[in-house]
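Asker: In the numbering used here, the protein residues as written are -2 to 73. Positions of the beta carbon are idealized from the N, C-alpha and C atoms, including for glycine. Have a look at this one before I ask anything.
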């Protein structure tokens, strides 16, 4: 399970993992049309990480982690 910044203002999306963190997770950032805008891998045993999303346009997006969990956020 994880928690993210729901309203992104400075181009940085912060992700906090609950429990013992993560070893290796695949993430996707998806726009409202269903297109994958950004994807990658979060590696290492971390409880918190930040992703730069400043290149994305303002709007609503979904952060999806390992095809199982997803949460929505807004870039302003």
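Measuring CB atoms only, is the segment 34 to 42 touching the segment 63 to 70, in the sense that at least three cross pairs come out at less than 8 Å?
Answerer: Result no; under three Cβ-Cβ pairs closer than 8 Å.
Asker: Taking residue 34 as part of the beta strand (DSSP E), name the residues at either end of that continuous run.
Answerer: Note, residue 34: beta strand (DSSP E), 33 to 43.
Asker: Terminal residues of the continuous beta strand (DSSP E) containing residue 53?
Answerer: Note, residue 53: premise wrong, no beta strand (DSSP E); not H, not E.
Asker: In angstroms with no decimal places, state the Cα-to-Cα distance between residue 23 and residue 61.
Answerer: Using only the alpha carbons, I get a separation of about 8 Å.
Asker: Tell me which residue opens and which closes the beta strand (DSSP E) that residue 0 is part of.
Answerer: Its beta strand (DSSP E) spans residues -1 to 1.
Asker: Spatial neighbours of residue 45 within its chain, please: C-beta separation below 6 Å, excluding the five flanking residues on both sides.
Answerer: Only 13 meet the Cβ criterion.
Asker: Since residue 21 sits in a beta bridge, which residues does DSSP pair it with?
Answerer: For residue 21, which the question treats as bridged, DSSP gives the partners 40.
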